[in-house]
Amino acid sequence: MAEVPHARLEAIRDSVSRAVANAKITDIHTHIYPPEFGELLLWGIDELLTYHYLIAETMRYVDIPPERFWTLTKRAQADLIWKTLFLERSPISESCRGVLTTLDRLGLDVSARDLDSYRRFFAEQSIEDYVDRVFELAGVDSVIMTNDPFDDLECPVWFANTSFDSRFRAALRMDGLLNSWQTAVPKLREWGYMVNNDINAETVEEVRRFLRDWIERMNAVYLAVSLPPSFVFPENSPRGKLISECVLPVAVETQKPFAMMIGVKKLTNPSLRLAGDSVGKASIEVVEYLCSNYQDAKFLVTMLSRENQHELCVAARKFRNLHVFGCWWFLNNPSIIDEITRMRFELLGLSVTPQHSDARVLDQLIYKWAHSREIIANVLADKYVDLAATGWRVTEDEIRRDVASLFGGNFWNFVR
Ligand code: RAT
Ligand code: ZN
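Going by this note's numbering, the first residue of the sequence shown is number 3, and it counts up by one from there.
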């Protein structure tokens, strides 16, 4: 092993930090919207505090039944969360820390613990300028949204053909179609797609037409669905048939990746609503089956269970049509991001997209990326230091090239 001078190792670490800090990110999965989508765009302190991750944490301490919590105004919910998680005890969880990182990066005085002054700051912002400021502070170039035609607020925006900020790109979310077929049928018929409960030849054609229409209407970058741990394929169920007969053929024909987010147990505690979902280990065989039997299709995959992460990396070594992305939801915590990112680099080199933000509130882009950047930079620096110990010389330009691939380049190459 070559003896690498300490100064050289420090220089490598500095180059990686600089490259990661300056990287312009494509955030490949979020739940934020441009201002043109009206109230769908959430931002500001009350939204940050009522993030469902924080609601779940608050409910562990307060003696209020969830049913009562939901009757409170948003402001009162935020007050309760602030008092419970930030004032009555120290806010050490990742989601709590995120609120504070966000306030701090916006130039607010976190040490003051003054919720009213934070509210005043947000009340003074104009949303268009504020979007620019958040993108700038987060170092984000563009974001992919989660776009659901079955959402009553969102659907009219698309039908109105509204033009919007081009930094926001669409992903056609198909949960409504694939996971609740019985509810989707009347809606599809209302829109003029002649579908039946029974997925016969005419229904297949009509669902394909629906998908093509919406891909075009949204100019969707990819098609996406979230799936339970019990997801199997092939399967003689509406979802199984719709995936094999409609989604995969249209994905191949349009060359759009099919994003599968696997491992969410919906509403384990229904009274918590959005905060009530849980996690379970899913079957990697299903992912392997799809990649192997549909080699013309492209699969973007993230899995929610920590237990699935290693086998997902191994699957990606076997199938170049599988692109692994993100540390999703309950995995988006420093210790787990560190572990998963290390493992991915060791098994897959640079051929992954290590993170997405999943931001639901615009301002969360700031903290989610600040926190993830730091961890990814650290892991990457360790890898270059290990390389240097072999005698390999890595240049600053090469580090920048590699970092650009991780924060968006790989994704766009895969999509194209
Ligand atoms: O991370 C979240 O906010 C979850 O509630 C889900 O939205 C999840 O990310 C999803 O896309 O289904
Ligand atoms: Zn999400």
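Backbone N, C-alpha and C define an ideal beta-carbon position, used for all residues, glycine too.
C-beta contact flag for residue i and residue j at 8 Å
{"i": "C315", "j": "L367", "result": "no"}
{"i": "P240", "j": "I201", "result": "yes"}
{"i": "A390", "j": "V6", "result": "yes"}
{"i": "I264", "j": "F233", "result": "yes"}
{"i": "R308", "j": "I339", "result": "no"}
{"i": "I146", "j": "H33", "result": "no"}
{"i": "T60", "j": "T28", "result": "no"}
{"i": "F152", "j": "G194", "result": "no"}
{"i": "F321", "j": "S294", "result": "yes"}
{"i": "T343", "j": "N412", "result": "no"}
{"i": "V22", "j": "V405", "result": "yes"}
{"i": "N310", "j": "K268", "result": "no"}
{"i": "L364", "j": "L108", "result": "no"}
{"i": "A140", "j": "F409", "result": "no"}
{"i": "L324", "j": "L306", "result": "no"}
{"i": "D48", "j": "A80", "result": "yes"}
{"i": "F347", "j": "K385", "result": "yes"}
{"i": "L190", "j": "N149", "result": "no"}
{"i": "E96", "j": "P336", "result": "yes"}
{"i": "L42", "j": "L225", "result": "no"}
Backbone secondary structure at residue i - three-state DSSP
{"i": "V249", "result": "helix"}
{"i": "N295", "result": "helix"}
{"i": "Y224", "result": "strand"}
{"i": "H325", "result": "strand"}
{"i": "R115", "result": "coil"}
{"i": "I146", "result": "strand"}
{"i": "I1", "result": "Outside the modelled stretch of the chain, which goes from 3 to 418, sits residue 1, for which no answer is possible."}
{"i": "L367", "result": "helix"}
{"i": "T32", "result": "coil"}
{"i": "F332", "result": "helix"}
{"i": "V266", "result": "strand"}
{"i": "R175", "result": "strand"}
{"i": "F233", "result": "coil"}
{"i": "D65", "result": "coil"}
{"i": "A391", "result": "coil"}
{"i": "V381", "result": "helix"}
{"i": "D16", "result": "helix"}
{"i": "E5", "result": "coil"}
{"i": "D200", "result": "coil"}
{"i": "D131", "result": "helix"}
{"i": "F152", "result": "coil"}
{"i": "R214", "result": "helix"}
{"i": "N271", "result": "coil"}
{"i": "G40", "result": "helix"}
{"i": "A162", "result": "coil"}
{"i": "S307", "result": "coil"}
{"i": "V288", "result": "helix"}
Bridge-paired residues (DSSP) for residue i
{"i": "Y260", "result": "Before going on, a small fix: residue 260 reads as Phe here, not Tyr. According to DSSP, F260 bridges with L225 and F301."}
{"i": "T355", "result": "F327"}
{"i": "V281", "result": "V266"}
{"i": "F409", "result": "According to DSSP, F409 bridges with nothing at all."}
{"i": "F170", "result": "V145"}
Chain C contact for residue i (CB, 8 Å cutoff)
{"i": "A391", "result": "Note that chain C does not occur in the displayed structure, where there is just one protein chain."}
Shell residues, 5 Å Cβ cut-off relative to heavy atoms of the ligand RAT: Cβ atoms closer than 5 Å to the ligand RAT belong to S228, W331 and D360.
Do the segment 290-302 and the segment 253-262 meet, that is, are 3 or more Cβ pairs less than 8 Å apart? yes
Could you check whether the segment 158-175 touches the segment 390-410, counting it as contact only if at least three pairs of C-beta atoms, one from each stretch, sit closer than 8 Å? no
So, do the segment 45-62 and the segment 179-188 have three or more beta carbon pairs nearer to each other than 8 Å? no
Using 8 Å as the cut-off, can you tell me whether the segment 123-132 makes contact with the segment 74-88, which would need three or more C-beta pairs spanning the two stretches below that distance? no
Check whether the segment 249-257 and the segment 199-215 touch, using three or more Cβ-Cβ pairs below 8 Å as the test. Verdict: yes, contact present.
Below 8 Å, can you find three or more Cβ-Cβ pairs linking the segment 67-77 to the segment 263-282? Contact between the segment 67-77 and the segment 263-282 is present, because at least three Cβ pairs lie under 8 Å.
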